[in-house]
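Participant: Residue numbers (my numbering): 14 to 193. The beta carbon of each residue, even a glycine, is placed where N, CA and C say it ideally should be. These numbers were taken from a predicted model, which means no experiment stands behind them. To start, I am sharing the structure in question, which I have written as C-alpha cells.
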C-alpha cells in the first residue's frame, strides 16, 4: 500500500487519493460520525487504488448526544479541538484536518511543523501552534493553497461547511491543472 502525500506519487495521484479520502469522510459525516484524527498516517491505499481512512479510535458519534472527544494528533488538530471548545467542534473540525492534508499535498510541507526538518517542535510549541492556528508560510503559488487555507480557517464558521463543498473547490482547481 502507498501513502497519501508520498513523494513517490504525482500531485495528480495524491489529489485523487485526497478526493477519495473526502468521499470516505463525507460518508462518515452523513452518518453523524466525526473522525477527529485525519492525517496522512491514517490514510491507506490498497493495491487497486481503493482509499481507506483508518484509525477511528477517537471518532465521535454525534447522534449519541455525548460530548465530542477533544482528541487527535497535536501536529494536525483544529484550534477548537486544541482549546477544548466543545460548542465549536463538529464536521468543520474534520474539514480542518482535510485542509491540512491538502496543504501538505500541494506545498510539500506540513502546515504546522517547521519546514527545516532539523528544527524540532516540542510539545509546548505544538500546543501553542494548534491553539493559535499558526500555519507555516509557504512560497507555493498553487491556487489549491487558498482552498486548503480556507478549510483551515481559525473559526469553523469561516471554513467550508461540508466536505462536498471542499471537494467541489479542490476539483475545480484539479480540473484547471489538467487543462493546462
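(1) So, is residue 44 buried or exposed, given that buried needs 16 or more other C-beta atoms within 10 angstroms?
(2) Grab the span of the alpha helix (DSSP H) containing residue 160 for me, first residue to last.
(3) Distance, Cα to Cα, residue 100 vs residue 111?
(4) Look up residue 195 in the DSSP assignment and give the residues it is bridged to.
(5) By the 10 Å Cβ neighbour count, where 16 or more other Cβ atoms means buried, how is residue 92 classified, buried or exposed?
(6) What's the gap between the Cα of residue 106 and the Cα of residue 153?
(7) Apply the 10 Å Cβ neighbour rule to residue 137 and answer buried if 16 or more other Cβ atoms are within range, or exposed otherwise.
(8) Can you give the beta carbon distance from residue 195 to residue 157, rounded, assuming they're within the 8 Å contact cut?
(9) Buried or exposed for residue 52, please, with buried defined as at least 16 other CB atoms from any protein chain shown within 10 angstroms of its CB.
(10) Tell me whether residue 77 is buried or exposed, calling it buried when 16 or more other Cβ atoms sit within 10 Å of its Cβ.
(11) Give me the Cα-Cα distance between residue 13 and residue 33, rounded to the nearest whole angstrom.
(12) So the alpha helix (DSSP H) residue 116 belongs to, where does it begin and stop?
Facilitator: Let's see:
(1) Exposed: under 16 other Cβ atoms inside 10 Å.
(2) In this chain, the alpha helix (DSSP H) harbouring residue 160 covers 157-164.
(3) Spanning the two alpha carbons is a distance of roughly 20 Å.
(4) No information on residue 195 is available, as it lies outside the stretch 14 to 193 that the chain covers here.
(5) By the 16-neighbour rule on beta-carbons within 10 angstroms, residue 92 is buried.
(6) Straight-line Cα distance between these residues: approximately 24 Å.
(7) Exposed, since its Cβ has fewer than 16 Cβ neighbours within 10 Å.
(8) Since the first and last residues shown for the chain are 14 and 193, residue 195 lies out of range.
(9) Its Cβ being crowded by 16 or more others within 10 Å, residue 52 is buried.
(10) So residue 77 ends up on the exposed side.
(11) Outside the displayed span of the chain (14 to 193) sits residue 13, for which this structure offers no information.
(12) From DSSP, the alpha helix (DSSP H) with residue 116 extends over 104-120.
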